[in-house]
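2 protein chains.
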Amino acid sequence: MRWTKYYLPTLKEVPSEAEIISHILMFRAGMIRKVSSGIYSYLPLGLRVIRKVENIIREEMNKKGAIEVFLPSVQPAELWKESGRWDYYGPELLRFKDRHNRDYCLGPTHEEVITDLVRNEVRSYRQLPLNLYQIQTKFRDEIRPRFGVMRAREFSMKDAYSFDLDETSAEISYQKMYDAYTRIFKRCGFNFRAVEADTGAIGGSFSHEFMVLAETGENVIVSCKSCGYAANIEMAKVMPPEKKNPSDQKQKPLEKVKTPNKTTVEQVTAFLGVKPSNLVKTIIFNSDKGVIAALVRGDHEINMVKLKNYLKAEWIELADEATVEKVTNAPKGFAGPVGLDIRIIADHAIGSLSNFVTGANEADAHFINVNYDRDFPLKEITDLRFITPSDRCPECGGEIQFSRGIEVGQVFKLGTKYSKAMHATYLDAQGKEKLMVMGCYGIGVGRTVAAAIEQHHDKDGIIFPVTIAPFEVIITPVNIKNKEIKDVSEKLYGELTKDEVEVLLDDRDERPGVKFKDADLIGIPFRITIGEKNLKNGIIEIMIRKNRETLLEKIENGAKKVEELIEKEKLSLMP
Amino acid sequence: MRWTKYYLPTLKEVPSEAEIISHILMFRAGMIRKVSSGIYSYLPLGLRVIRKVENIIREEMNKKGAIEVFLPSVQPAELWKESGRWDYYGPELLRFKDRHNRDYCLGPTHEEVITDLVRNEVRSYRQLPLNLYQIQTKFRDEIRPRFGVMRAREFSMKDAYSFDLDETSAEISYQKMYDAYTRIFKRCGFNFRAVEADTGAIGGSFSHEFMVLAETGENVIVSCKSCGYAANIEMAKVMPPEKKNPSDQKQKPLEKVKTPNKTTVEQVTAFLGVKPSNLVKTIIFNSDKGVIAALVRGDHEINMVKLKNYLKAEWIELADEATVEKVTNAPKGFAGPVGLDIRIIADHAIGSLSNFVTGANEADAHFINVNYDRDFPLKEITDLRFITPSDRCPECGGEIQFSRGIEVGQVFKLGTKYSKAMHATYLDAQGKEKLMVMGCYGIGVGRTVAAAIEQHHDKDGIIFPVTIAPFEVIITPVNIKNKEIKDVSEKLYGELTKDEVEVLLDDRDERPGVKFKDADLIGIPFRITIGEKNLKNGIIEIMIRKNRETLLEKIENGAKKVEELIEKEKLSLMP
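If you read the sequences in order, they're chains U and Z.
Quick note: the first sequence uses the working numbering, first residue -17, plus one each step.
Quick note: the second sequence uses the working numbering, first residue -17, plus one each step.
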């Protein structure tokens, strides 16, 4: 490709709303342009990278026997009503009516459509297992789209769905996808980790997220320094305290104390002169399982994902002030378990506390010396809080560490959630009707590109891994008006193109500085510089973008040398 | 690909709503499944064909210097308000609100988005011409989706947009796309014609449609048997009558006659004993240019596209009964030009009539012996009617013929319609601001596949041209349990795959009849049959799907022979 025949508008400006480097660089490198909040156009350079990632995904999915289909993005409400998600999926599900006033949505995911397809086609155990995938546009009406294509509303996703005879077979399918994802992200050049994850709005029995390690990541990952354990912090289990109960502590008499206008943990503990770890927060939630009180220690954070999963709830949210006042008979900030007439669930850590502080369900008052069992019944104790740096690995007890990650893919073992709701069954060898066991597997294509840039850039711009680079080589003639320079550039361009190397020839009549800056910015892995001085010695310069190493090479060996470098780089990214 | 590892559910049933053969065959061959009205999933076989067509499109677009981008399908209302189409585009434009109550639509086409992109990027004449294209999902909320993917609501389209300095350059861009389309449709194996077409909701100064000739086509094409003229019947010009005026006819006195309950041409002419060609229909229209009466001869059909274009109207529709009664003071069926106080436009043919019949603007009454000028003023005479078999070629006067076609592509010279409305300008060499001159160019990808099937099928199924076939060869072992048959099949499969031939191995344990029927149905151009009898003589059979010719070939030459046949077939489709 010749730059002058291409559409590659590089820019110096930075979009005002850009918060992370990949957003800035994709904009400046002429890869994307914003159309509306969370909605982007891909310019030619950006689209080339997208296609590279898509092709890697396709190759690895096909290797594992997954078969590509293409499902519609506009989906009828009936299917979502059948699965139950029409009501439970939040406002991220963009719903609308067509001209005949029928309900539709823009697909944020395709479990319903694929389950409907397969249940209408597959009747016999002989037709299973089956894994169908697509690369298709999704829409999620995020309340606050941000980070460019990293958290866009309209985005391209590879989603795969597996259908199996039973749990064992489903686990094999899951493992195949786990392996495919591992290969895909290695080939994309990522430093990444697969971590245990929550199943969220998709549902199912278990899940892994593939996290690209990056400081700008929205996710916190907990991993063990000793064993292989790694999990999204939402999911990271906390070991129960060793001291299981407080029986060795003498229980003091329950006492109500005045705490005027003291509603936060900091205010109450400072006022009463106790440690936050000796206060118990009582947090009221509303959910489809009713109104619930959750108890966690003052120095711990409630983990709503854990609470939701424990409750097996479809949805859960912090109760509004009116609800809090109704169930506690007190303004917000004074809730406590004593005398509270709703379901109470406590975090493990509460089990070893005695003589602690709680709200008194009365304005401006707290209890001190509260003890469970004696002062309130405590039937449900479980893991409800976020893990902290002082906790130990839940698997091996080793030391844990925290890092940040960008989720680029997620695999779910769905079980029979959708096949049950939508009656996707098959007849087994004995002619008995059975539910298909499902899995689903997603990769955000645009987000993968953005994550690659988060992980691979420097102050001058992007440094694409060669496997997903829009071009493998850029040829930079320092002065296109010099005939000799032009001729050598054209010759090299011709040779490389003939050998099917993807090469961009910067044939613009621009100053060398402009060309070098642009080449750095758009991140092409190898640059061939053709300048007057070297040419006199029959030499060209090859620069390796990632380490700025330069090699001098005879003109006639230039193409071969670059091809070797490309091959070496590709090999290093082979899984 | 092995059939047993693939997802290729062929069916005997026919969908109840299927009206045309491509819909039936795409369903039966396991290419598509319906999700909702006008919304389809592509199964693996269908998607392979789509990808083939997309690749042909890409290659030819790239050859002409067009550059691929990817624009969003969800588009903000602001852009459509700027172009003015938010109000004028009918209910086919699916409009909705996001969670923040902002207006959006699902893109039925992308003029607004691309013009917005280019106006923000391109400033100088040096950056033009520019031709950007994409292959992207569109949504048009058709009132009556039908014919499977032929007239779907959600569908994939290649759309390109050219931006030029001036009219001359824009015409070069137009011609390039015209040539690219010609090559694309030749490569797809079509018998097609490019015809003059209306610009419809897209607008612009002129347009060609690429029509695949097929009896099931929704479009009627008029073409000349002598010269190259061809047009959509909507656009086909009608030569004005040779006899320009009726001055040689003696004008009889105007007379009002009773015509009780006679409202149609047939009823009135039968009742009065006159020929339909001596009656003038007065048809009342409502439009953004006001209420209008159009006059055409009783034996002619009004052409609303011509009327709309003549009026330069944004929209036009038949007036409702209330409007008709208001302007004519009579019930519907008795309108006439005499004493009518609205704008009157007559078809050319009226110019040579005298002593004709019209409605009397009074219930149950008509005028006879009406003459224009004397009885009513006639200032506007133009071409308003559909061409008929008795008309002559508007270009050369030769004999014309009618055929039916499926529109698979359309090219538009847009001019400055969008660049003016959305202020897409550049600075010329003199630093003067000028409007870009635009063109736009569409191909319906799914419709191209369906049209190919309409043109290439027989009673047994599809007959794909090799360039767009999902597989080039199918290997049919008549009995997969026979070790020798299986081994030879596998060997051939290996050889062909190694040579990058796209081959489907029907390794199912099914009766030969079932396999042959399925191979015929899915339309693979070449079938290699491996049977016991031939194998004893070291021979396999090659069948050419399109003419059922069979060749016997030694096993060891089988792969080579098939590859030759494929190459020959591909060559025959080279433009």
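Built from N, CA and C at the ideal position, the CB exists for glycine as well.
Can you tell me where the beta strand (DSSP E) with M525/U in it begins and where it stops? I521 to I526
Report the three-state DSSP secondary structure of D365/Z (helix, strand or coil). coil
At a Cβ threshold of 8 Å, is G421/Z touching chain U? no
Give the interface partners of Y24/Z over in chain U, defined as CB-CB distance under 7 Å, in chain order. V51 and F52
Backbone secondary structure at N260/U - three-state DSSP: helix
Which residue marks the beginning of the alpha helix (DSSP H) containing G495/Z, and which one marks its end? P494 to I504
Let me confirm a value: V393/U is counted as buried when at least 16 other C-beta atoms fall within 10 Å, else exposed. Which label applies? buried
Beta-ladder partner(s) of S106/U, from DSSP: L409/U
To which residues of the same chain is P58/Z closer than 8 Å at the C-beta, ignoring the five residues directly before and after it? R84, D85 and Y86
Under the DSSP definition of a beta bridge, which residues are partnered with Q116/U? D141/U
Heavy atom of the ligand SAH within 7 Å of I332/Z beta-carbon: As presented, the structure is devoid of all ligands, the ligand SAH included, so that no description of it is given.
Could you tell me the distance, in whole angstroms, from the CA atom of I388/U to the CA atom of V287/U? 19 Å
Rounded Cβ spacing between K158/U and K46/U (contact assumed at less than 8 Å): 5 Å
Of the choices P127/U, E299/U and T119/U, whose alpha-carbon is the least far from that of K271/U? E299/U
I'd like to check one pair, Y107/Z with L396/Z: are the Cβ atoms closer than 8 Å? no
Using 8 Å for Cβ pairs, my map puts V470/U next to I512/U. What's the rounded Cβ distance? 5 Å
Output, in chain order, the set of chain U residues within a Cβ distance shorter than 7 Å of F121/Z. V56
Relative to the alpha-carbon of V104/Z, which residue among V256/Z, D146/Z, E64/Z and F349/Z has its alpha-carbon at the smallest distance? D146/Z
Under 7 Å by beta carbon: chain Z residues contacting G47/U: K(-13)
With 8 Å as the threshold, decide whether the Cβ of E103/Z is near any Cβ in chain U. yes
By DSSP, does N201/U sit in helix, in strand, or in coil? strand
Starting from D346/U, follow the beta strand (DSSP E) in both directions and report where the run begins and ends. Careful: D346/U lies outside any beta strand (DSSP E) and carries neither H nor E.
Looking at chain Z, is there any beta carbon in it that lies within less than 8 Å of the beta carbon of P(-9)/U? yes
Exposure label - K232/U; buried when at least 16 CB within 10 Å: exposed
Report back the beta-carbon spacing between I32/Z and V431/Z to the nearest angstrom; my notes put them in contact at under 8 Å. 6 Å
Would you please verify whether the beta carbon of E136/Z is less than 8 Å from any beta carbon of chain U? yes
Please classify G185/U: is it buried, with 16 or more other beta-carbons within 10 angstroms of its beta-carbon, or exposed? buried
Taking only runs that begin and end inside the segment 141 to 178 of chain U, name each unbroken alpha helix (DSSP H) of 4 or more residues, in chain order. 149 to 169
How far does the alpha helix (DSSP H) with R560/Z in it extend, from its first residue to its last? A question about residue 560/Z goes unanswered here, because the residues of chain Z that appear run from -17 up to 557.
Under 8 Å, Cβ to Cβ, is there at least one residue of chain U near F78/Z? yes
When the cut-off is 8 Å and only beta carbons count, does R15/U lie next to chain Z? yes
Which ranges does the beta strand (DSSP E) cover as unbroken runs of at least 3 residues, wholly within the segment 297 to 381 of chain U, from first to last along the chain? 298 to 300, 325 to 329, 338 to 341, 347 to 352 and 362 to 364
Does any residue of chain Z bring its CB to less than 8 Å from the CB of S18/U? yes
Where do the N-terminal and C-terminal ends of the beta strand (DSSP E) with H190/Z fall, by residue? F188 to L195
In terms of residue numbering, what span does the beta strand (DSSP E) encompassing K240/Z cover? E237 to K240
Chain U residues whose Cβ lies nearer than 9 Å to that of V95/Z: V17 and S23
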